[in-house]
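Engineer: Residue numbers (our numbering), protein chains in the order written: chain A, 232 to 476; chain B, 2 to 64.
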Amino acid sequence: MHRFANPARFQRLASIILPWSDVLTAGLLVSGLYFALFASPADYQQGETVRIMYIHVPAAWMAMFTYSVMAAASAASLIWKHPLADVAARAAAPIGAGFTAIALITGMLWGEPMWGTWWVWDARLTSVLILFFLYLGYMALVNAIENPAAAARAGAILALVGFVNIPIIKFSVDWWNTLHQPASVIKMGGPSIAPSMLLPLVLMALGFHFYFVSVLLRRMRSELDLARVRALEDAIALNSEEAAA
Amino acid sequence: MSSFFAMGGYAFYVWSSYGAALLILGGIAIFSMARARQASRRLEELKRAAPHRRRREEAADGA
Numbered sequence: 232m233h234r235f236a237n238p239a240r241f242q243r244l245a246s247i248i249l250p251w252s253d254v255l256t257a258g259l260l261v262s263g264l265y266f267a268l269f270a271s272p273a274d275y276q277q278g279e280t281v282r283i284m285y286i287h288v289p290a291a292w293m294a295m296f297t298y299s300v301m302a303a304a305s306a307a308s309l310i311w312k313h314p315l316a317d318v319a320a321r322a323a324a325p326i327g328a329g330f331t332a333i334a335l336i337t338g339m340l341w342g343e344p345m346w347g348t349w350w351v352w353d354a355r356l357t358s359v360l361i362l363f364f365l366y367l368g369y370m371a372l373v374n375a376i377e378n379p380a381a382a383a384r385a386g387a388i389l390a391l392v393g394f395v396n397i398p399i400i401k402f403s404v405d406w407w408n409t410l411h412q413p414a415s416v417i418k419m420g421g422p423s424i425a426p427s428m429l430l431p432l433v434l435m436a437l438g439f440h441f442y443f444v445s446v447l448l449r450r451m452r453s454e455l456d457l458a459r460v461r462a463l464e465d466a467i468a469l470n471s472e473e474a475a476a
Numbered sequence: 002m003s004s005f006f007a008m009g010g011y012a013f014y015v016w017s018s019y020g021a022a023l024l025i026l027g028g029i030a031i032f033s034m035a036r037a038r039q040a041s042r043r044l045e046e047l048k049r050a051a052p053h054r055r056r057r058e059e060a061a062d063g064a
């Protein structure tokens with residue numbers, strides 16, 4: 232496991248993966264948008280608003296996926312003291328907050344015309360709002376603590392405690408009465424959605440996953456570079472102090 | 002074409018959704034790329050400024 236912990240090896244691996252994930256992100260999102268906006272039918276009940284689904288549903292999946300990645304990385308950071316795990320968790324947080332914000336905003340924009348309300352305090356909507364605040368809280372916490380080891384530990388504990396929210400989000404539509412519909416794509420017995428609508432949904436979801444990979448690797452890179460910048464700056468400061476003495 | 006932009010009367014809701022996603026994902030991507038470029042540039046600067054540390058740093062990387 233620690234074989235991959237070497238930052239130089241990570242940087243090499245990242246420069247191999249990045250061109251591929253960039254191209255896949257662009258290709259999948261462009262074709263996804265084509266099918267989402269042009270080459271798919273309007274819904275017989277929801278009309279054209281069904282096109283909001285192609286953003287809303289993949290963004291909501293990514294909101295939970297990113298948090299799961301963050302929690303797994305936090306566990307690896309706490310248990311194995313894996314030096315890249317903390318970097319990965321920190322790098323993932325703003326991406327997850329972005330996806331969660333998109334899920335919330337598009338959900339409101341879909342709810343107003345279809346449900347007749349922008350917002351209700353039901354289980355699904357409330358638990359996703361809590362997810363958004365968990366991301367913000369995590370970012371605020373790790374940025375507020377100066378000692379990197381202490382920040383990593385506190386952040387990892389927060390991320391792991393907050394993970395209980397993920398199954399709550401997933402099953403909220405089954406456990407409680409809510410305005411939000413239950414799962415219709417990932418469920419037993421296969422998706423209950425027309426193939427012409429499933430295609431743009433899958434393309435957008437895959438595009439979002441590769442977007443996540445591309446942005447995560449770039450953010451991890453800058454975290455690692457900045458850590459070395461700080462180390463070098465400290466060394467230079469120390470040298471000049473010694474020279475002055 | 003204009004019927005495409007009208008989105009069956011739901012133009013505001015549909016286009017605001019796509020716009021919000023573009024703004025947020027585009028913003029995060031651009032900000033992250035700029036930060037990565039800035040960090041690696043600063044690192045190169047410092048490496049040049051402190052060449053005596055260079056060998057030790059590279060040895061520590063296991064390169």
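We treat Cβ as the ideally placed atom computed from N, Cα and C, and that holds for glycine.
For the region 453-464 of chain A, enumerate the residues whose C-beta is nearer than 9 angstroms to any C-beta of chain B, in chain order.
Structural biologist: S453, E454, L455, D456, L457, R459, V460, A462, L463 and E464
Engineer: Would you report the Cα separation of A:A320 and A:L389, rounded to the nearest angstrom?
Structural biologist: Residue mapping note: residue 320 of chain A aligns to position 89 of the first sequence, counting from 1. Residue mapping note: residue 389 of chain A aligns to position 158 of the first sequence, counting from 1. Rounded to the nearest angstrom, the two C-alpha atoms are 11 angstroms apart.
Engineer: So, B:S33 versus A:R384, is the Cβ gap smaller than 9 angstroms?
Structural biologist: Here residue 33 of chain B refers to the residue found at position 32 when the second sequence is read from its first residue. Here residue 384 of chain A refers to the residue found at position 153 when the first sequence is read from its first residue. Contact: no.
Engineer: Quick check on B:R55: does DSSP put it in helix, strand or coil?
Structural biologist: Translated into positions along the second sequence, residue 55 of chain B becomes position 54. Low local confidence applies: a pLDDT of 49 at B:R55 is under 50, so the model's placement there is unreliable, with the coordinate-based value given in what follows. Note: B:R55 maps to helix in three-state DSSP.
Engineer: For B:E46, count neighbouring Cβ atoms within 10 angstroms of its own Cβ and tell me buried if that reaches 16, exposed if not.
Structural biologist: Here residue 46 of chain B refers to the residue found at position 45 of the second sequence. With fewer than 16 Cβ atoms within 10 Å of its Cβ, B:E46 is classed as exposed.
Engineer: My assumption, with CB atoms under 8 angstroms, is that B:A40 sits in contact with A:S453. Please give the rounded CB distance.
Structural biologist: The residue given as residue 40 of chain B occupies position 39 in the second sequence. The residue given as residue 453 of chain A occupies position 222 in the first sequence. Right, their Cβ atoms sit about 4 angstroms apart.
Engineer: Run the CB neighbour count on B:M2, radius 10 Å, all protein chains shown included, and call it buried at 16 or more, exposed below.
Structural biologist: Counting from one through the second sequence, the residue named residue 2 of chain B turns up at place 1. B:M2 should be labelled exposed.
Engineer: Which residues mark the beginning and the end of the alpha helix (DSSP H) in which A:N470 is found?
Structural biologist: Start at 1 with the first residue of the first sequence, and residue 470 of chain A comes out as number 239. A:N470 -> alpha helix (DSSP H) spans P426 to A475.
Engineer: Kindly confirm or deny that the region 298-313 of chain A and the region 457-468 of chain A touch, where touching means at least three C-beta pairs closer than 8 angstroms.
Structural biologist: By the Cβ rule, the region 298-313 of chain A does not count as touching the region 457-468 of chain A, because fewer than three pairs are nearer than 8 angstroms.
Engineer: Listing by chain order, which chain B residues have their CB less than 8 angstroms from the CB of A:P250?
Structural biologist: The residue you call residue 250 of chain A lines up with position 19 of the first sequence. The contacting residues do not exist; A:P250 stays about 14 angstroms from chain B at best.
Engineer: Tell me whether the region 317-337 of chain A and the region 285-294 of chain A touch, counting them as touching only if at least three CB pairs, one residue from each stretch, are closer than 8 angstroms.
Structural biologist: yes
Engineer: Counting beta carbon pairs with one atom in the region 431-438 of chain A and one in the region 256-266 of chain A, are three or more of them shorter than 8 angstroms?
Structural biologist: yes
Engineer: Can you list the residues of chain B that A:R355 reaches, using a CB-CB cut of under 7 angstroms?
Structural biologist: Counting from one through the first sequence, the residue named residue 355 of chain A turns up at place 124. Within 7 angstroms Cβ-Cβ: nothing; A:R355 doesn't reach chain B, min ~18 angstroms.
Engineer: Cβ of B:S33 less than 9 angstroms from any chain A Cβ?
Structural biologist: Within the second sequence, residue 33 of chain B is the residue found at index 32, counting from 1. Closer than 9 angstroms to some Cβ of chain A, the Cβ of B:S33 qualifies, so yes.
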